[in-house]
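In my numbering, each residue's number is its place in the sequence shown (first place is 1) plus 2. Think of the CB as a built atom: it goes at the ideal place given N, C-alpha and C, for glycine as much as any other residue. First the structure, in the form of structure tokens, and then the observations on it.
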Amino acid sequence: MTKITDERSDINHTGLDRRKFFIWLTVITLVGLGIRLAYMFIVKWDQPIWGDAFTYHWTANGIADGMGWQSWLPKVLTKDVNELRLPESTWGNFAVPKGVAAENPPLFPFYLSIFSFFGLRSFHWHILATTGLGVASVFMMGLVGRKIAGPRVGLIAAGIAAVYANFWVYDPLVISEPMGILAGTVVVLLAYRAWDEPTLKRVAALGAACGVASLVRSEFALLLVFLMIPFVISRLKGRSIKERAVMFFSAGIVALLVVSPWLIRNAVIFEKPFFMTHDAGLSLQSGNCDATYYGDALGWWSPKCAGGGNPPSLENNDFSVRDVYWGQRGRAYMLDHLDRFPVVALARLGRMWEIYRPGSPWGTPSKGQKITFDIIEGRSEKAAQLALLQYWLLVPFSVAGFILLWKRKRTIVPLIVLPILVSLIAVYAFGNTRYRSIAEIAIAASAAVAFDAILRWRQVRRSDSVVLKN
């Protein structure tokens, strides 16, 4: 602990007191706002409502209208309106509800529903609401960096989050990634607080944060486990087994209490059990077929994977039954092609980390390149190319930052678990840049440490030069 305090004290000799830090952090956050508004209004304002954005948008409006979390489909795809269980007066102009659902964790559509409840229910308002989450992430990155290694690192981390496309490119898409990134910054901040001062109160706060984050992205439930195991083994070393157990299970119990209303709701409504969503089986199926094992979509997902077969009918609108079927198909294909799975797993990791067929920041994207898939996911071509270029530039500094933190004996656990977690998700499902979004927190924060070290080195050289001249 003394080592950490001394290191921070050294870094704090930058002339940045608390007041100056927050003034500069506010300025950087406003820059981040300007970049996001420019991309939103110039590039994405007239985008179509499709994919996950369609689901989130209409689910939010349904919640605001008292319908709860429903599954929605475009009206043009609905042939038999007699199957619908809600009066037509509740339908949107372009969408119809198909029954109670848990397609996604509940918090992001609930957040959008607050705007819908007050009359801000158009897709454009939801774009603005989601963009606000991205702006908040810039501010939070400043607090994360400050907690890790001092105020200047905080400002650098916020600056990276403001301009780095892999932070802002999701904001106008009305998907859960901006809220996931924001939740991730809160989790990392509270994890460092618990690591610095391991009290039951701080551990419980970390558990609560992971619980809330799990209601945004279900993988955050695993993140709590990944954080707490090294915490009780390393940070609580020397304490009694009883005290370690109390810390570990307290975090888990608090997290479980936070998510329990959603879990109970799903257990009561649906026939088949699942954790957060009933789309896990479909995700597994989407990444396991010939197209993703042998074709141009190797390591990614393909709509071809969900074709064929004989899925059960949606009697009683129970989506959990059909998801079990998709999951069984996905696992069966995986088990039948175990000899190919190592290649597929490496391709998935390569897709996620921009190593396997990433494409180029210059030129025209071609079939099968990861950058092409990012465009399909909703990025503009220029934004996808910029994100790739910035990512390649940041990664070496990120690696250097991790090494510097390690040498300074500053824990890297709250950061390193993020890329580990998303890598496991890629191996299990498919390699999607979107699924890497929370790991961008670790990339930005660790790169900020490296940039700060360069500034410190330049200051030392300049100081030594002045001394020699005198």
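Looking at C-alpha atoms only, which residue of the options is the closest neighbour of residue i?
{"i": "V234", "options": "S220, G254 and S400", "result": "G254"}
{"i": "W355", "options": "E442, I378 and Y296", "result": "E442"}
{"i": "V218", "options": "P200, P180 and D198", "result": "P180"}
{"i": "I150", "options": "I456, A449, R460 and D292", "result": "A449"}
{"i": "G68", "options": "A55, R38, Q49 and F119", "result": "F119"}
{"i": "L337", "options": "N290, R359 and I357", "result": "N290"}
{"i": "A349", "options": "A269, L423, Q330 and G433", "result": "G433"}
{"i": "A269", "options": "S362, F222, G53 and F321", "result": "F321"}
{"i": "V29", "options": "P360, G161, I440 and A402", "result": "G161"}
{"i": "G301", "options": "G370, R241, A66 and T201", "result": "G370"}
{"i": "L18", "options": "Y41, R154, S115 and V33", "result": "R154"}
{"i": "P363", "options": "A159, I456, L226 and E383", "result": "E383"}
{"i": "A159", "options": "R463, V424, F399 and R412", "result": "F399"}
{"i": "I37", "options": "W264, V165 and G152", "result": "V165"}
{"i": "V323", "options": "G297, I271 and L130", "result": "I271"}
{"i": "I357", "options": "P344, P367 and I373", "result": "I373"}
{"i": "I440", "options": "V424, V451, A455 and A431", "result": "V424"}
{"i": "P297", "options": "R458, P50, F23 and R359", "result": "At residue 297 the sequence reads Gly, which differs from the Pro that was named. Of the listed residues, the one whose Cα sits closest to G297 is R359."}
{"i": "P232", "options": "I418, W394, S368 and S304", "result": "I418"}
{"i": "E379", "options": "I243, Q49 and G240", "result": "Q49"}
{"i": "L265", "options": "A223, G134 and K306", "result": "A223"}
{"i": "P174", "options": "L39, S242 and S262", "result": "L39"}
Write down the C-beta distance between residue i and residue j rounded to the nearest angstrom, noting that I regard them as a contact closer than 8 Å.
{"i": "L444", "j": "L420", "result": "Per the sequence shown, the amino acid found at residue 444 is Ala instead of Leu. With 8 Å as the limit, A444 and L420 qualify as a contact, their Cβ atoms being about 4 Å apart."}
{"i": "W71", "j": "A104", "result": "6 Å"}
{"i": "L284", "j": "A299", "result": "16 Å between Cβ atoms; not a contact."}
{"i": "V397", "j": "A347", "result": "That belief does not hold up - the Cβ atoms of V397 and A347 are roughly 21 Å apart, past 8 Å."}
{"i": "R123", "j": "N63", "result": "5 Å"}
{"i": "I422", "j": "F112", "result": "About 29 Å; that fails the 8 Å criterion."}
{"i": "A517", "j": "V256", "result": "No answer is possible for residue 517: it lies beyond the span of the chain, which begins at 3 and ends at 472."}
{"i": "D376", "j": "T435", "result": "5 Å"}
{"i": "F125", "j": "H59", "result": "6 Å"}
{"i": "L225", "j": "C212", "result": "6 Å"}
{"i": "A193", "j": "P416", "result": "4 Å"}
Return the chain-ordered list of same chain residues with a C-beta closer than 7 Å to the C-beta of residue i, the five sequence neighbours on each side being excluded.
{"i": "T279", "result": "A104, E105, N106, P107 and S220"}
{"i": "E85", "result": "Legend: pLDDT at E85 = 41, less than 50; position of this residue unreliable, no value from coordinates given."}
{"i": "I414", "result": "F404, L407 and W408"}
{"i": "V205", "result": "A196, M249, S252 and A253"}
{"i": "F169", "result": "G136, S139, A163, I183 and E442"}
{"i": "L145", "result": "G156 and L191"}
{"i": "A167", "result": "A385, L388, A389 and Q392"}
{"i": "Q461", "result": "none"}
{"i": "R342", "result": "Y295"}
{"i": "Y335", "result": "N290 and C291"}
{"i": "D12", "result": "The predicted model places D12 with a pLDDT of 42, which falls under 50 and marks its position as unreliable, so this point remains unresolved."}
{"i": "V260", "result": "A210, G213 and V214"}
On the DSSP bridge list, what partners appear for residue i?
{"i": "S73", "result": "G101"}
Could you pull out every residue in the same chain whose Cβ sits closer than 6 Å to the Cβ of residue i, ignoring the five residues on either side in sequence?
{"i": "R246", "result": "V234 and L238"}
{"i": "W26", "result": "L157"}
{"i": "R381", "result": "V171"}
{"i": "W328", "result": "G283, L284 and Q287"}
{"i": "A66", "result": "S115, S118 and F119"}
{"i": "D54", "result": "I177"}
{"i": "A452", "result": "F399, A402 and G403"}
{"i": "S91", "result": "Below a pLDDT of 50, predicted positions are generally treated as unreliable, and S91, at 41, falls in that range; the measurement from the model is reported next regardless. Nothing listed; no residue qualifies."}
{"i": "R148", "result": "G156"}
Note down, in chain order, each residue of its chain lying with its Cβ closer than 8 Å to the Cβ of residue i, except the 5 sequence neighbours on either side.
{"i": "D325", "result": "K274, F276, H280, D281, A282, G283 and L284"}
{"i": "M142", "result": "L184, T187, V188 and L191"}
{"i": "P200", "result": "F233, R237, L238 and M249"}
Using beta carbons (cut-off 8 Å, strictly below), is residue i in contact with chain D?
{"i": "L258", "result": "Absent here is chain D; the protein component of the structure consists of one chain."}
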